[in-house]
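See structure below.
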Amino acid sequence: MTAFTTLFLTLSILWKTAYSHEPIDINTDNSVQSPMAVQNNLFGDSSFLDFNASLSLLRQEESHLHKQLNFPKYSSLPLSTEDIKIDIDIDYYEEYERLKHEQWSSLLSESQSFALQSLEHLADEENNSQAALTLGQIYLFGNYSIPDDPEKSLHYFKKCVSLSVDPEAHYYLGFLYTTGLFGKLEVDQGKALLHFRISAEHGNLKAAMCLANRYYEGIHVPQNYDLASYYYSFLAEYANQFIEEQPIGPVNLDSYSIRINSFNKGLYGEGASESYFALTRTSESNEIDKNFFNELNVDPDAHYYVELYYAYRKYYEGDYLTPRNYTKAFEVALLCANAGIKMPSIQRYINNPNKQPTLETLFIGRCVSGVGHMYLRGEGIEQNYTEALDWLNIASNLVSSSAVFNDLGNIYEYALGLPEPDYENARTYYELAHRKGGSRAAFNFGKLMLQRGAPNESEKAWELIKSAAYSSYPQAMYFYGQAIEQGERSGYLGDLATLYKYFVEKIEPVFTDLDWAFKCLVAGDIRSALLGYAMAAEQGYESAQSSAAFILYPTTSYLEEPPKIPIDRYKSALNYYQRSAKQRNMDSAVFVGDMYFYGLLNDTNTNSKTDVSSGKQYLMAPDLEKAAAMYQEAASFQSTQGRFNLGYVYEMGLGVPRDYHLAKRYYDLVLNAKPEAYIPVQLSLFRLRFKMWWSRLWGIDNGSDDESDSVSRGWSDWLELYKEMREREKSALAEEYHQHFQDDNIQHNGNTGNTETNNENTNKDSSNSYDKNFEFVADGEIGFQDILVTLIVLGLFIFTLIHRWRRGRRNNEEENNANDDNANENANRNGGFQFQFVFIPL
Amino acid sequence: MSILDALSSRKAAFLGYLTASTFLAGYAVFDALSERPNLYSAGIKVSQGAHIIALANWFVCMSLVLGKTFQRLMFGELRIIEVEHIYEQSWFTITNLLMTMALFRYDSNLLIFVLVTGLLFLKVFHWILTDRLDFLFQQQQQLTGNDYRIRDIVLSKPTFTLIVFLIIDYKIVMGCIDHSFVYSADVFVVFGLDFLMVYLDLLESTLKFVLNIVEMIILAYQRDDDEEVWENKVWLSKIGLIFISLFRFLALGFVFIGLIYAYTIPVNFTRDGYLAVIKLIEQLKDLIYLIRARRELERNLKDATEEDLERDDLCIICRDDMSLDQPTNHHRNFPKKLNCGHVLHYGCLKSWLEMSHVCPTCRREVFKPRSGRATPPANNEEGRAAPNGQPEQGNVNQQPQQQREGNGINPQQNQDQQHHNENPIPNEGTHLNERATATGEPIVGGSTPTPTVTTNTTTTTTGTTTAINGTNRFTIRLPNTAVIPPDWSILPLRRISNNTESPPPAGTTNNANPTVGNSTGSSSGSSSGSAAANLLYRPLESGSKKQYELLLNNNAVFKLSVVENNNRRRVSAQTDSSNGFGNGSRGIAEEGAEEIL
């Protein structure tokens with residue numbers, strides 16, 4: 000990515016030169032290939048192709064056109080997520096884009112042009128709304144490798160809406176009006192809202208989600224949680240429908256909701272970024288965890304069943320580039336399970352589960368439970384509840400995992416393959432599962448308790464469901480949201496909207512085309528990816544907002560120039576970063592501050608006036624006050640980088656009054672929160688100290704009341720210092736103790752089975768009890784230790800003194816004796832000789 | 171610094187290392203900057219993995235260069251003895267610093283790194299400075315007294331450096347105290363204490379320095395023939411040092427106990443603490459002794475009688491004649507007799523007792539009178555008691571003393587030396603020229619030296635006789651391993667064995683005003699003074715002074731200084747290393763002795 004700007008100009012030149020000669024060839028080529036019928040039809044108005052014919056023609060011709068396009072560099076998808084390389088153009092030159100577009104258009108064969116003309120004819124002249132919609136999409140997304148054309152796209156969508164109420168066309172119109180396609184079209188938020196509303200009222204989910212998000216965040220409309228929850232609850236029905244269509248158990252969601260900057264380990268890179276989550280569905284996430292096995296001192300390659308298990312997981316889970324393959328997964332799991340349970344050691348273990356579990360039992364058990372799970376859900380094999388129950392029973396003997404118990408509980412609760420539900424058994428299994436942890440178990444257990452348990456248990460049941468909902472278990476989210484909506488549970492203002500928003504966003508395959516955007520991104524079609532992410536961004540996905548913003552205005556390295564982009568794209572980027580920041584993405588918040596801080600420089604190539612005035616010309620002038628405000632906001636989210644930047648603006652007096660002491664405080668905060676940032680912070684602190692010293696030297700007022708320099712310190716101050724020294728260690732010790740105690744508590748609670756719900760209480764308890772305990776420690780042991788240590792040190796000290804003194808005395812005695820009796824011997828101890836000599840001064 | 175000198179000897183290698191480190195560090199920074207969007211992020215990148223190693227290496231490198239530069243600026247080229255001192259002291263200092271770092275291993279690396287490096291270099295500079303100040307006085311003392319030399323000292327570079335360091339140290343210590351009040355108590359308390367120790371050491375040096383200067387000024391302005399020493403100096407210095415030690419002890423105690431109570435045993439201060447206590451005790455003992463000495467001096471001293479003076483009228487300390495012809499019996503130059511029977515000037519004795527508690531000649535305790543030996547015959551007895559059967563001569567006193575100082579010769583050497591006693595360049599007989607000392611006249615021949623070069627001892631006989639007549643003759647006892655530096659030479663006159671004195675040749679006895687004397691080094695009271703020098707001297711013309719250093723084989727330094735003071739001249743010899751007297755080959759010194767300046 001970094002190298003791209005440097006490559007950029009050369010590339011564009013290459014492109015121009017390469018294509019200046021080609022069009023002739025292409026035309027001749029095309030004329031050869033084009034069907035003669037089409038050629039003939041060109042001359043008669045009446046002989047346009049019909050809708051389907053033109054589409055098939057376009058489809059047919061696409062591959063040929065595609066071959067001639069080396070821009071955009073469509074590449075085939077990489078095989079593994081590790082191979083993904085994303086190149087995003089940092090700069091955006093309209094002139095270059097126009098040239099590229101022209102070139103691209105000239106590559107179209109005559110038959111393609113004719114097909115398009117036919118479609119246009121259909122739409123314009125014959126008022127075919129379908130043709131209009133298709134054309135709008137073609138010109139918007141560049142389908143069939145046709146160059147995009149925003150103006151035409153807008154035109155045909157408008158045409159489509161004028162012909163009939165088409166929710167999809169309305170949605171696209173809304174999208175076009177709200178984004179203006181980043182400078183290519185006019186932005187009109189009022190029209191956008193209108194189109195979204197019409198589209199939503201006619202059942203377009205995307206439009207409804209855009210609207211919901213607008214009302215939820217208050218984007219271009221007054222914030223309105225009621226309307227937001229209305230739209231979200233409408234969407235939640237569809238999401239729930241999607242869940243119910245899935246087989247029983249957890250929803251297998253293929254999430255493509257990523258931040259592009261995750262490939263760079265966050266917007267600001269590893270260590271500096273604070274809103275960075277790893278890409279979850281990568282190839283390596285389903286591979287053998289080397290660290291885990293290293294800790295066990297086991298070589299995973301030496302264990303056949305371990306490999307089989309991981310192969311099964313890989314097929315079952317899939318990743319960003321490989322879809323799930325249930326059939327394969329089932330085959331592997333069955334192989335593992337069948338071979339595994341025949342092993343004598345496994346048989347012995349099943350019969351006598353008191354033995355120590357081994358690696359084999361663990362992984363074969365997991366395979367067995369996988370087979371059971373797939374039988375239960377009918378994945379890769381026909382659904383078979385009795386088989387499932389058998390396998391799961393074996394699995395429960397081998398491993399005690401939450402998944403197995405949940406599955407078993409499900410079987411008993413819903414009487415799958417059984418004559419009638421066995422709630423007792425189900426409850427036992429759910430409880431077992433819940434002890435193992437996990438939100439699915441909490442939800443199942445809570446739900447069963449609520450529906451079949453004693454009335455006095457309902458509060459506890461709701462707590463469980465709530466905890467499952469807040470740890471994003473989709474079914475629980477919907478269930479709890481329904482409860483709030485129907486007034487069974489009370490929620491604060493916006494609670495319902497928030498819950499539904501996250502629920503709806505979780506079920507992304509129903510509402511978004513994020514998978515398409517991701518594939519475009521990976522294939523190198525950044526323009527389409529931008530569209531996809533922008534659409535999801537309008538729907539309220541934070542990850543999509545930061546991704547779209549990143550495509551529009553990526554971070555550049557310190558040594559590079561900032562991106563040179565038109566003001567409209569810059570504003571869009573700013574907009575998306577801001578929305579992302581509003582959803583508590585701290586990096587985005589800081590970056591918005593940075594964007595305000597630096598502004599957008601005018602590209603000197605497009606404006607000759609800049610040469611005259613030596614100063615920089617800004618398309619958007621830096622707004623230091625806004626930048627400082629953004630940093631302040633980020634800092635209030637506990638962002639260390641926000642604090643650092645805030646410290647910097649206070650130090651330099653940029654956008655805020657210069658205040659060295661405040662700056663120092665912010666730098667110190669960074670250091671406290673993030674010790675690994677010591678190099679930048681200490682350097683800044685060093686610079687700051689020098690400045691403080693300098694300004695004091697010249698008597699410059701640095702903005703805030705100076706601490707008096709010459710504080711005379713009395714004896715009491717020294718006593719204070721002494722106490723402080725002691726206190727520090729005490730507090731460190733107390734913290735350690737606290738930590739220890741808390742760990743203990745959690746472990747304890749985990750065993751009795753309410754880890755998540757009672758967390759808050761636990762904290763309170765532990766802090767109380769630690770206080771008490773600490774008093775005890777301070778009074779008793781410390782005193783004893785003090786005395787012991789002091790005594791030992793003093794004892795050592797005195798011993799050495801005495802030893803030294805005695806040795807000295809002995810030496811003296813010896814010397815005296817020697818003096819008296821044995822002077823010569825003493826004298827001979829050291830070799831040496833004498834001679835006389837003369838100095839002659841020169 | 172010691173590392174530095176080792177490195178500078180391989181300058182090219184060091185330069186290469188420096189360049190490589192700089193390049194690596196530069197690349198690390200460049201790499202971070204070209205990957206990360208801002209300085210903060212780049213800073214974090216740089217503090218991870220290989221980058222931080224490259225940077226730390228560069229910092230170490232640069233601090234060495236910086237340290238060397240500062241050293242060049244402040245002190246110029248280091249003397250061998252200073253390098254030696256740095257070697258000696260840096261070991262435990264570095265160990266201590268490592269322990270300090272271990273104490274703060276969880277704290278911010280950069281701050282600790284800067285503090286540790288700063289402390290180390292500051293300490294090294296202070297050692298050098300202390301040596302320089304000593305050296306300054308040694309140099310300047312050899313000038314004849316006038317105002318010029320005082321100004322010279324005060325305006326010298328070491329003095330300037332001293333003032334600079336006094337200010338810097340004060341600032342640092344105060345800064346640390348401030349910081350420990352305001353910010354993190356522990357780091358700055360511990361390092362503040364370290365800096366305070368350095369500061370107190372510097373204050374000690376300053377005290378000595380100032381007292382020396384004041385003494386010089388007093389001596390310069392109260393030009394009194396009798397006043398050779400400033401009497402109050404010793405009191406001021408002792409009390410001042412005790413105050414400093416007391417303060418050091420208290421500060422250490424404060425932090426030590428405070429840290430122990432805070433569950434951190436300050437291992438790095440154990441040595442300092444121990445030394446501080448020892449020092450304080452020693453100083454207190456010294457002071458008490460001094461007080462007692464002053465009080466009991468009268469009781470333990472008798473006025474010398476004519477008889478005593480007949481036997482020996484040379485004060486062993488100032489090498490001057492003694493006579494009863496003084497205004498009072500408390501005058502500086504009045505001869506006093508110790509309990510052991512040795513006679514010294516009153517003033518010389520007093521200044522001697524400031525440094526030592528024993529008789530300069532026989533090393534008996536001055537204030538422990540032994541009844542049997544309080545009379546002059548005891549002296550003779552002692553002389554006979556020596557196994558070598560030393561002849562009872564006028565200068566008999568200093569002979570056993572020399573042996574006792576640890577430089578006696580072994581039998582093998584005895585033979586050698588007896589063989590060499592046939593050396594045709596003999597010493598003047600001591601008994602012949604006793605009276606000449608008092609005259610103190612310059613010898614004309616001394617100003618016209620004859621540059622004679624000889625290849626071996628036997629050939630120098632006739633060639634150097636004239637030169638010898640006009641110059642000072644010294645007897646110096648060198649260790650076996652002595653190497654004569656190339657820029658000066660020794661003309662061997664005679665070798666002295668334990669019990670023999672070669673007879674003076676006829677030629678030299680006839681010479682005009684040859685004076686003969688023996689002197690122990692004035693520094694023999696100090697711990698390092700294991701070498702004694704005998705010298706034959708006549709006063710030179712004023713203004714001449716010389717200091718020589720002998721580099722011994724094992725890096726010990728052998729200092730020989732000729733000091734002229736009020737028309738008296740002292741030659742002191744001193745080694746700066748206890749291991750200077752090993753069993754090296756004798757041949758080097760003998761070969762060295764063949765050279766002639």
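Residue numbers (the working numbering), protein chains in the order written: chain A, 0 to 841; chain B, 171 to 767.
Every residue gets a Cβ at the ideal spot worked out from N, C-alpha and C, and that includes glycine.
Predicted model only: the values in this text are computed from it and were never measured.
Reduced DSSP category for residue i - H, G, I as helix; E, B as strand; rest coil
i      : result
A:L599 : strand
B:M771 : Chain B is shown from 171 up to 767; residue 771 of chain B falls before or after that span and cannot be answered.
A:Y617 : strand
B:E535 : strand
A:G265 : coil
A:H302 : coil
A:N463 : At residue 463 of chain A the sequence reads Leu, which differs from the Asn that was named. Looking at A:L463 - three-state DSSP - the assignment turns out to be helix.
A:M651 : helix
A:T555 : coil
B:W297 : helix
Environment of residue i [buried if 16+ CB atoms lie within 10 Å]
i      : result
A:M651 : exposed
A:Q346 : exposed
B:V536 : buried
A:A662 : buried
B:F330 : exposed
Which residues DSSP lists as bridging residue i, in chain order
i      : result
B:L514 : B:K506
B:L484 : B:D491
B:D473 : B:K506
B:V528 : B:E535
First through last residue of the alpha helix (DSSP H) which encompasses residue i
i      : result
A:K116 : Before going further, note that residue 116 of chain A is Gln rather than Lys in the sequence given. Unbroken alpha helix (DSSP H) run through A:Q116: E109 to D123.
A:M534 : I525 to E537
A:A676 : Taken as a continuous stretch (DSSP letters only), A:A676 belongs to no alpha helix (DSSP H), as it is neither H nor E.
A:I393 : Y384 to L397
A:A274 : Contrary to the premise, residue 274 of chain A reads as Ser rather than Ala in this sequence. Looking at the DSSP string, A:S274 is not in any alpha helix (DSSP H), and its letter there is neither H nor E.
A:H219 : Premise fails: A:H219 is in no alpha helix (DSSP H) and is neither H nor E.
B:E205 : K181 to E205
Cβ of residue i within 8 Å of any chain B Cβ
i      : result
A:T799 : yes
A:G794 : no
A:G270 : yes
A:S587 : no
A:T281 : no
is_contact[residue i, chain A] using C-beta, thresh 8 Å
i      : result
B:N208 : yes
B:Y444 : yes
B:G213 : yes
B:V216 : yes
B:E852 : Nothing can be reported for residue 852 of chain B: it is not among the residues displayed for chain B, which extend from 171 to 767.
B:A190 : no
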